[in-house]
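Below is one structure; the comments refer to it alone.
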Amino acid sequence: ERLAQALEQAHAVKRGAFGVTPAVCIGSATMALSEWYVERVRRCPRTVVGLMLALALVAAPFALRLDGATVDSFPASPGTRSAREERAFRKSFPEVFSDRETVYVHCVGSYGMCRCDAEDCSGFRRIDRALRGGLARIGATVSMAASYFDYADDADLRVLAPRYYNASAKAMVIELVVDIDRAGEKAAQAAISDVQALVDDLAKDPDFEVHLTGRLTAMAASTKEIGKAIGMADGTGMILIVVLFGYRTRSWRLTLVPIINTLVCLMFAEALCFPLANSGAIIVPSYVPKVCLFLCIALSVDYSFFHLSRFQELRQAGRPFEVAVEGMVQTAGRVVLVSGVVLLFTWLALACFPVFGVNSLGYCASITIFCCIFVNMILNPALAMAFPDFFSNAAQDPCRCCRIRRRAQVPNDITWAPMDKNVYGRVAAVVTRRPFIFLVPIVVYALFVPSVAE
């Protein structure tokens, strides 16, 4: 009853300060919709939870395939002028787009082993032949483009041989060609991994140091190191997030909710992004799924905290369980909806910049944010209604195992300050009136028109 009186008082303040504004109408509609949803969820909460988890299981195979549809380069976005020009150039000169890798061979043995002239070059030739044999076993994706012996053994081309051998440094370079167009980005990376293993075997020779370098090699090495760093950062960060979440919601059992929401949101988001990436509608760089993971973790924890902290406050004030769930949806639910919509359109604005995969990031991030809103708005009240004993027994003191502390009583009377007595209220009063409620979004999106036209 006190909550209803407080909400009615707030609406009266709004009507008195601003008149019947669109914001008041939207707030009333949101409250009515939340009451309708809570009533429907109350009838079959476990069915709703089961349906959401079943959809997550169906989406999981597609979500796990998203990494295979990503690329590590930044090609031109489909439909742009750059994409058309690149396609025409690639059709006439396909070999230009092949990747070049370099094998560096440095002799550290005796003088006879490192000698390479017209009379003797047995040491380097042994490495060259072993590399050619290994490449033949790997397949046609990687081939040897040029080495010292391709020119030294031909009398007419011998003048070009010194380009690949430095006598003073006792070193030789061998060029490799990776046919990315024929094999694809992922197959080329797998072939480079095989070449790296071959080079590592050749490096076991005590007389020679053998190294592989190039764009794909450096990318594979950096991805391996970055993957470890991201895993360590995520693991360490999740521990801190769980501790902070449990302390602020005053119950450790409630920390299971954001974990479930994060997994469901991630499955939904990546499953929806996979058809777009696999069909070629958008080019998804390899870093985009990681951004989707970060957004799922951040928003699921954030939105679950909005809901559950309000739920705990109402329970602490002595409200019945179902009233606490309904109040959680009515109050925190609107915060989640407004916050999510703002983030969704903000990230969607990145779609106006079709360079370096930024537009794909905008599309995938917007899909992820939508999934976070959808899952948290539906699953949080459904979980509470499906397992009332679990949620109603949630503690109100996270430190109860260490000490007993008397909490301050929540005041019964809720007072509302006039909303037009500060600068934020005055700005809101102006923006939510006609015609500014329509003009402000138009002006904001008009700022992106030049970039779209470009």
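Numbering-wise (this note's numbering), the sequence shown opens with residue 926 and increments by one. Glycine is no exception: its CB is placed at the ideal position from the N, C-alpha and C atoms.
Give the secondary structure of residue i by DSSP, where H, G and I count as helix, E and B as strand, and everything else as coil.
| i | result |
| --- | --- |
| residue 1070 | strand |
| residue 1101 | strand |
| residue 1082 | coil |
| residue 1096 | strand |
| residue 1041 | coil |
| residue 1091 | strand |
| residue 1135 | strand |
| residue 1210 | strand |
| residue 969 | coil |
| residue 1359 | coil |
| residue 996 | strand |
| residue 1030 | strand |
| residue 1025 | strand |
| residue 1046 | coil |
| residue 1319 | coil |
| residue 1269 | helix |
| residue 1065 | coil |
| residue 1005 | coil |
| residue 1326 | For residue 1326, the predicted structure reports a pLDDT of 48, less than 50, and the residue's modelled location is therefore unreliable. The matter cannot be settled from this model. |
| residue 1176 | coil |
| residue 1280 | coil |
Can you check which of these residues, the options, is closest to residue i by C-alpha distance?
| i | options | result |
| --- | --- | --- |
| residue 1034 | 1132, 1264 and 1303 | 1132 |
| residue 1245 | 1310, 1073 and 1356 | 1310 |
| residue 1182 | 1235, 1266, 1301 and 1120 | 1301 |
| residue 1008 | 1282, 1274 and 1201 | 1282 |
| residue 1417 | 1259, 1192 and 1251 | This structure gives no information on residue 1417, because the portion of the chain shown stretches from 926 to 1379. |
| residue 1261 | 1276, 1227 and 1289 | 1227 |
| residue 1292 | 1062, 1214 and 1185 | 1214 |
| residue 1075 | 1093, 979, 1050 and 1253 | 1050 |
| residue 960 | 1249, 1353, 1268 and 1288 | 1249 |
| residue 1254 | 1269, 1271, 973 and 1231 | 1231 |
| residue 975 | 1308, 1366 and 1362 | 1308 |
| residue 1270 | 1290, 1259 and 1278 | 1290 |
| residue 968 | 1364, 1312 and 1372 | 1312 |
| residue 1279 | 1210, 1237, 1220 and 1040 | 1210 |
| residue 1023 | 1056, 1069, 1039 and 981 | 1069 |
| residue 1185 | 1259, 1225, 1095 and 993 | 1225 |
| residue 1370 | 1115, 1273 and 1353 | 1273 |
| residue 1120 | 1026, 1259 and 1264 | 1026 |
| residue 1015 | 1107, 1216, 1240 and 1162 | 1107 |
| residue 1029 | 1038, 1240, 1101 and 1060 | 1101 |
| residue 1381 | 1175, 1128, 1263 and 1222 | Residue 1381 lies beyond the stretch modelled for the chain, which goes from 926 to 1379, so this question has no answer here. |
| residue 1063 | 1117, 1019 and 1084 | 1117 |
Here's the rule: buried if 16 or more other CB atoms are within 10 angstroms of the residue's CB, otherwise exposed. What is residue i?
| i | result |
| --- | --- |
| residue 970 | buried |
| residue 1017 | exposed |
| residue 1333 | Residue placement at residue 1333 is poorly supported in this model, since its pLDDT is 49, which falls under 50; the coordinates are not used for a value here. |
| residue 1204 | exposed |
| residue 1359 | exposed |
| residue 1298 | buried |
| residue 1317 | exposed |
| residue 1199 | buried |
| residue 1257 | buried |
| residue 1328 | Any answer about residue 1328 is weak, because its pLDDT of 47 lies below 50 and its placement is not dependable; what the coordinates show is given next. Exposed is the call here. |
| residue 1288 | buried |
| residue 1093 | exposed |
| residue 1355 | exposed |
| residue 1243 | exposed |
| residue 1196 | buried |
| residue 1220 | buried |
| residue 1010 | exposed |
| residue 1326 | Legend: pLDDT at residue 1326 = 48, less than 50; position of this residue unreliable, no value from coordinates given. |
Alpha carbon to alpha carbon, how far is residue j from residue i? Give it in angstroms, no decimals.
| i | j | result |
| --- | --- | --- |
| residue 1005 | residue 1066 | 29 Å |
| residue 1173 | residue 1229 | 12 Å |
| residue 1087 | residue 1136 | 20 Å |
| residue 962 | residue 1165 | 33 Å |
| residue 1052 | residue 1142 | 20 Å |
| residue 1170 | residue 1234 | 9 Å |
| residue 1147 | residue 1098 | 23 Å |
| residue 1122 | residue 1144 | 16 Å |
| residue 1048 | residue 1130 | 10 Å |
| residue 1368 | residue 997 | 36 Å |
| residue 1285 | residue 995 | 11 Å |
| residue 1126 | residue 1031 | 15 Å |
| residue 1268 | residue 1304 | 20 Å |
| residue 1139 | residue 1207 | 27 Å |
| residue 1055 | residue 1202 | 39 Å |
| residue 1363 | residue 1315 | 45 Å |
| residue 1167 | residue 1188 | 15 Å |
| residue 1073 | residue 992 | 39 Å |
| residue 1061 | residue 1084 | 28 Å |
- Message: Under 8 Å: do the region 1089 to 1100 and the region 1108 to 1119 share three or more Cβ pairs, one atom per stretch?
- Response: no
- Given 8 Å as the limit, is there contact between the region 981 to 988 and the region 1181 to 1197, that is, 3 or more CB pairs closer than that? yes
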